[in-house]
Each structure stands twice: as structure tokens, then as C-alpha cells.
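Report on the structure given below.
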Amino acid sequence: MVVYGGLDWFVALLVNAALVAYLALFPAFFAVVLRRITMRFGPMALMTAPLVWIATELGRTYLLTGFPWVLLGYSQASVLPIAQLASIFGVYGVSALVVLVNAGFASLGASPPKGGHHASPPEGGHHASPPEGGHYVRIIPLATSLATAALVALWGASRLSSPTLTREGDPIRVGLIQGNVAQTEKWDPARGPSIFADYLRLTEQAIADGAQIVIWPEASTPFFFELETAKADQIRAIARDARVPILVGSDQVERGAMDRYFNSAFLLGPDGTTAAIYRKMHLVPFGEYVPLQKLLFFAERLVVAAGDFSAGDEETLFPVAGHHMSTAICYEIIYPDLVRRFASAGSELLSTITNDAWFGQTSAPYQHFAQASMRAIENGRYLVRSANTGISGVVDPYGRTLAQSRIFEQAAIVREVRFLRTSTLYTRIGDVLAYASAIVSLAMLVLARRRVQ
3 MVVYGGLDWF VALLVNAALV AYLALFPAFF AVVLRRITMR FGPMALMTAP
53 LVWIATELGR TYLLTGFPWV LLGYSQASVL PIAQLASIFG VYGVSALVVL
103 VNAGFASLGA SPPKGGHHAS PPEGGHHASP PEGGHYVRII PLATSLATAA
153 LVALWGASRL SSPTLTREGD PIRVGLIQGN VAQTEKWDPA RGPSIFADYL
203 RLTEQAIADG AQIVIWPEAS TPFFFELETA KADQIRAIAR DARVPILVGS
253 DQVERGAMDR YFNSAFLLGP DGTTAAIYRK MHLVPFGEYV PLQKLLFFAE
303 RLVVAAGDFS AGDEETLFPV AGHHMSTAIC YEIIYPDLVR RFASAGSELL
353 STITNDAWFG QTSAPYQHFA QASMRAIENG RYLVRSANTG ISGVVDPYGR
403 TLAQSRIFEQ AAIVREVRFL RTSTLYTRIG DVLAYASAIV SLAMLVLARR
453 RVQ
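Residue 3 is where the sequence shown starts when you use our numbering, and the numbers rise one by one after that.
So this is what it looks like as C-alpha cells:
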């Protein structure tokens with residue numbers, strides 16, 4: 003917000019504090035609800051923690067357009083036997099398993115609250131003393147949670163040992179272009195020609211290495227693709243001459259009484275013409291728009307500096323070699339249901355294009371890549387990722403990274419993937435577990451409140 007958004011540091015501090023306060027609401031709500039339930043129903047009610055937790059994650063995903071960055075389940079993205087659970091219940095299911103194990107350990111140290119609010123006393127007005135050997139009862143939740151985790155791990159390991167999806171479908175070689183353009187240089191007129199020349203060179207290199215489709219990162223062109231026709235024609239010529247589709251990320255403007263700007267992806271077909279355009283649907287708060295602008299009036303300069311984009315409204319699929327491919331632009335890849343809807347609509351290959359230059363040398367590019375890999379497991383699809391400064395890479399339907407670049411280097415990665423049509427259970431049922439958890443959590447909260455009264 004200071005370096006790229008043009009805000010004074012104290013104003014950026016206020017904006018950042020507003021985001022932190024918003025995100026803090028969800029673990030706070032989890033604590034309040036779980037305390038209410040356990041105070042009424044006793045220590046064993048700690049085992050409802052997974053339901054309450056993923057209900058709050060669901061809220062964080064959608065409230066005020068949502069900010070579901072690094073949900074708890076992503077901590078298992080590299081623990082592949084556990085991560086396979088996402089193919090059934092999505093990342094929320096993995097979050098629930100993590101909380102379940104921790105709730106099991108927490109139950110060992112839990113004890114009924116003094117005053118006996120967790121249960122009605124027997125006639126005579128006194129609570130019964132815990133039965134002898136009652137401490138063994140408290141082991142049951144932990145044993146149950148560890149057994150559940152062990153069963154998931156065994157099933158996940160079995161799934162990984164027989165990767166049938168990697169042998170299905172038609173193969174295609176994908177070329178991923180990583181131009182490595184610093185954010186401060188992207189719109190520098192003096193750098194524009196060399197940036198564009200690098201992308202053309204890397205594209206030709208990928209095609210020479212056998213790429214049958216080439217994917218550029220988000221907003222990769224240092225110009226508006228539809229407005230600079232002479233430059234766009236150079237990309238079209240490469241696609242036409244090589245008979246290779248090229249997916250290009252570029253900003254798009256829609257002229258009118260009030261011009262509207264979109265973060266878009268353009269697919270150029272093997273004949274060089276524009277085959278399809280996708281407009282980003284989930285925008286980055288404080289990056290592509292400022293939520294609650296009237297309330298956060300002090301962040302007005304951020305809107306001007308970051309760009310006030312409009313959201314797209316159509317889940318466009320790209321026709322590629324007789325199949326369909328989808329793309330999620332940048333931050334969209336962390337929305338499980340959006341990517342699931344692409345797969346449900348017929349996408350046989352998932353792609354994501356992004357510009358993570360904003361993040362610098364932090365953990366964020368690695369977090370972003372890990373979150374993207376979970377979408378591959380959820381939907382049983384290969385996922386390919388082209389990032390301006392990295393990480394670019396390829397993930398198989400089981401979440402295994404087949405290729406990846408380092409951050410802040412130029413790269414042209416070419417790798418074979420497959421178009422897949424088999425649907426996972428998660429693709430078919432979506433976030434049923436998360437919504438059911440929200441309903442159960444609310445019902446228990448209401449029951450706890452009534453019984454306390």
C-alpha cells in the first residue's frame with residue numbers, strides 16, 4: 003500500500019489495521035461460539051470444534067466478498083496423504099481434520115466448569131461427582147480423532163499409490179512463460195519494448211521445446227491488448243504461424259459514459275484470432291478495489307493507484323485442441339467453489355495466471371502456489387500456473403508438483419499434462435460439509451442459549 007499504492011505510511015497503517023480487524027473477527031467468533039457450547043454441554047462438546055471452525059472459514063470466504071487466504075487446511079498441502087481428503091470435502095474438510103486432532107488433545111485437559119452449566123443436576127440439586135475412572139473417558143475423543151486421521155492418511159496413501167488419473171485423458175504439452183518483470187518497471191515506457199520482446203522470445207522458445215499451448219501471466223502485456231493492435235498482431239502472428247494457442251493476461255477497457263476496466267485473459271486460437279475472453283470475477287480488496295469506500299474514505303488514493311476494476315460475471319471456458327480449459331486470475335485461485343464451478347461446467351484442465359511481484363521476497367508467493375495446488379486435488383485436474391515473477395509450475399491431480407520455477411527469474415517451462423473429465427466427489431457436491439457445519443453450529447448455539455436461560 004505504501005510502495006505500490008501511493009499511501010502515506012500512517013494511512014496505510016489504518017487500512018492494514020482495518021483488514022486485520024476484519025480477519026480477527028472469525029477466530030474470535032469461533033472462540034465465543036465454542037465456549038458457549040462447551041459451557042452448556044460439557045468438555046465432550048469440544049469435538050464440535052471442527053464444525054464451528056470451518057463455519058467461520060466459510061464466512062471468511064464470502065463475507066464482504068471474502069478473504070480466504072491461507073485457510074487452515076492449506077497447512078497440509080504438502081502432506082499429500084492427508085491432502086487427498088480435499089477430493090471429497092475440499093480444503094474445508096482438511097481444515098476440519100486438523101481441528102479435530104487438536105480438539106482431541108485439548109479434551110485431555112478439559113474439565114467440567116464449576117457451577118455445572120454443562121448439564122442439568124439430578125433431583126436434589128447437586129451435581130454428581132465424576133465417576134471413578136472418568137479420566138479414561140477423556141481419552142476417547144483423542145483416540146477417535148487420531149484414528150480418524152490415521153484412516154485418512156492410509157486411504158490417501160493408497161490413492162497416491164495408484165494414480166489412475168495420470169494415465170487417463172488426452173495429453174498436451176503446456177508452455178508457461180515467466181517474464182520476471184518488477185512491478186515498478188511494468189508500466190515504465192522505457193522498459194515496455196524490452197519487456198514485450200522478452201515475452202515474445204520466451205514464447206518462441208517454449209514452442210520450439212514442443213509447447214502445444216502457451217500461457218502468459220496475469221497483466222503480462224505492458225499495454226492494453228485490444229488497444230495496441232500492432233503489438234497484439236505480433237502475438238497473433240506467432241500463434242498463427244506455429245498453430246499454437248496463446249493465453250495472454252492483459253487489462254481490458256470497456257468504453258462508455260463511465261469507462262470500465264477489467265483484469266482479463268485472452269485466448270488466441272491457432273489461427274491467431276481471439277477465441278475467448280475471461281474477465282476476473284473475484285477482485286483483490288485493497289489491490290483492485292477498496293471495499294466500503296465511503297467508510298474507508300482515507301484510502302481513496304489507493305483506488306487511484308491500484309486501479310478501480312470492475313468484476314466479470316461469466317465463467318468462461320477456453321476451447322483448446324477439442325477440449326476445454328479454464329483460468330483463474332491471481333487471487334481467484336483461493337476460492338474453492340469458483341474453481342469447482344469451472345470443473346463442473348466442463349473444464350478439463352485448470353490454469354491460473356498471476357502477478358506476485360507485489361509480494362517481494364516474502365512467504366506469500368509460496369503460500370499462493372500451495373493454495374493453487376489444493377484446487378488440483380479437489381477437482382482431480384492438472385493445474386498449470388504462469389506467474390510473472392514466480393512461482394510458475396505444474397501440479398498433477400493428486401497435488402504433486404511436477405515442475406516449478408524459482409521466484410524472480412525468467413523461465414519458459416514446458417511440461418506434458420492431460421485433459422481429464424472424471425469428476426471427484428468434491429466437484430459433484432461442493433462445500434456441503436462447510437454449509438452443513440454452519441447449520442449445525444448455529445443450531446447448537448441456539449440450543450445452548452435456550453438451555454442456559
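Backbone N, C-alpha and C fix where the C-beta goes; we use that ideal spot for every residue, glycine too.
This structure is a prediction, so every number in the text was calculated from the model and none was measured.
* Would the beta-carbon of residue 376 fall within 8 Å of that of residue 76? -> It is a contact, given that the beta carbons lie within the stated cut-off.
* Asked: Do we get a CB-CB distance below 8 Å when we pair residue 248 with the residues of chain D?
  -> Protein chain content of the structure displayed is limited to a single chain, and chain D is not contained in it.
* **Nearest-angstrom Cα separation, counted from residue 108 out to residue 180** => Answer to the nearest angstrom: the Cα atoms are 46 Å apart.
* To do: Buried or exposed for residue 149, please, with buried defined as at least 16 other CB atoms from any protein chain shown within 10 angstroms of its CB.
  => It counts as exposed.
* If you compare alpha carbons, which of 440, 447, 143 and 448 is closest to residue 59? -> For the residues 440, 447, 143 and 448, the minimum Cα distance to residue 59 belongs to 440.
* Would you check whether the ligand GDP has a heavy atom nearer than 7 Å to the C-beta of residue 65? => As far as ligands go, the structure on display features none, and thus does not contain the ligand GDP.
* To do: Name the one or two DSSP bridge partners that residue 406 has.
  => Residue 406 pairs with 395.
* To do: Leaving aside the five residues before and after residue 211 along the sequence, list all residues of the same chain whose C-beta is less than 6 Å from its C-beta, in chain order.
  => Taken in chain order, the residues that qualify are 416.
* Below 8 Å CB to CB, which residues in the same chain sit around residue 126 once its five sequence neighbours on both sides are set aside? => At residue 126 the pLDDT is 48, less than 50, meaning the model places this residue with poor confidence; the figure from the coordinates comes in the next sentence. Spatial neighbours of residue 126 in its own chain (CB-CB distance under 8 Å, excluding positions within 5 residues in sequence) are not present.
* Candidates 383, 391 and 409: closest to residue 398 by CA position -> Nearest option by C-alpha distance: 383.
* To do: Excluding the 5 residues preceding and the 5 following residue 256 in the sequence, name in chain order all residues of the same chain whose CB lies nearer than 6 Å to its CB.
  => Hits under 6 Å: 262.
* Quick one: measure Cβ to Cβ for residue 237 and residue 250, integer angstroms, because I've assumed they're closer than 8 Å. => Yes, they are in contact, since the Cβ atoms of residue 237 and residue 250 sit about 6 Å apart, within 8 Å.
* Whole beta strand (DSSP E) elements within the region 208 to 249, 3-residue minimum -> Listed in chain order, the complete beta strand (DSSP E) runs (minimum 3 residues) inside the region 208 to 249 are 215 to 217.
* Close beta carbons around residue 82, own chain, < 8 Å, minus the five adjacent residues each side -> Hits under 8 Å: 158, 162, 400, 401 and 402.
* Give the range of the beta strand (DSSP E) segment to which residue 371 is assigned. => Judged by DSSP secondary structure, residue 371 falls outside any beta strand (DSSP E) and instead within the alpha helix (DSSP H) spanning 366 to 381.
* Asked: Can you check whether the CB of residue 160 is closer than 8 Å to the CB of residue 427?
  -> No, these two residues do not count as a Cβ contact at 8 Å.
* Beta carbon of residue 330, beta carbon of residue 354: below 8 Å? -> In this structure, residue 354 lies closer than 8 Å to residue 330 by Cβ.
* To do: Leaving out five residues on either side along the sequence, give the residues of the same chain with a beta carbon under 6 Å from the beta carbon of residue 103.
  => Only 147 and 151 meet the Cβ criterion.
* Cβ pair residue 283, residue 334 closer than 8 Å -> Yes, they are a contact pair.
* Return the CA-CA distance between residue 224 and residue 394, expressed in angstroms with no decimal places. => So the two alpha carbons sit approximately 19 Å from each other.
* Asked: Any contact of the region 421 to 438 with the region 30 to 48, i.e. 3+ C-beta pairs under 8 Å?
  -> Counting C-beta pairs closer than 8 Å gives fewer than three between the region 421 to 438 and the region 30 to 48, which falls short of the contact rule.
* Output the distance between the C-alpha atoms of residue 168 and residue 79, rounded to the nearest integer angstrom. => So the alpha carbons of these two residues sit roughly 19 Å apart.
* Asked: If you drop the 5 nearest sequence neighbours on each side, which residues of the same chain put their C-beta closer than 8 Å to that of residue 84?
  -> Correct list, in chain order: 78, 96, 99, 151, 154, 155 and 158.
* Taking the CB atoms as reference points, tell me whether residue 91 and residue 62 lie closer together than 8 Å. => The Cβ atoms of residue 91 and residue 62 lie no closer than 8 Å to each other.
* To do: Go ahead and label residue 1 buried or exposed: buried means 16 or more other beta carbons lie within 10 angstroms of its beta carbon, across all protein chains shown.
  => A query on residue 1 cannot be resolved here, the shown segment of the chain reaching from 3 to 455 and no further.
* Under 8 Å between C-beta atoms of residue 17 and residue 25 -> No, they are not a contact pair.
* Would residue 343 pass as a contact of residue 314 if the rule is Cβ separation under 8 Å? -> Contact flag unset, no.
* Asked: What residues are listed by DSSP as bridge partners for residue 172?
  -> In the DSSP output, where bridge partners are listed per residue, residue 172 has 421.
* Which residue's Cα is closest to the Cα of residue 165: 227, 431 and 86? -> It is 86.
* Closest residue to residue 436 among 347, 199 and 73 (Cα-Cα distance) -> The shortest Cα separation from residue 436 among 347, 199 and 73 belongs to 73.
* Asked: Going along the chain, which residues of its own chain have a beta-carbon closer than 6 Å to the beta-carbon of residue 57, five neighbours each way excluded?
  -> Same-chain partners within the cutoff: 439, 440 and 443.
* Asked: Thinking C-alpha only, which one of 94, 46, 20 and 43 is nearest residue 339?
  -> Of 94, 46, 20 and 43, the smallest CA-CA separation from residue 339 is found for 94.
* To do: May I ask which residues mark the beginning and end of the beta strand (DSSP E) holding residue 279?
  => Element bounds for residue 279: 276 to 281.
* To do: Locate the beta strand (DSSP E) running through residue 355, then write down its first and last residues.
  => Its beta strand (DSSP E) spans residues 351 to 356.
* Run the CB neighbour count on residue 205, radius 10 Å, all protein chains shown included, and call it buried at 16 or more, exposed below. => Residue 205 is buried by the Cβ-count criterion.
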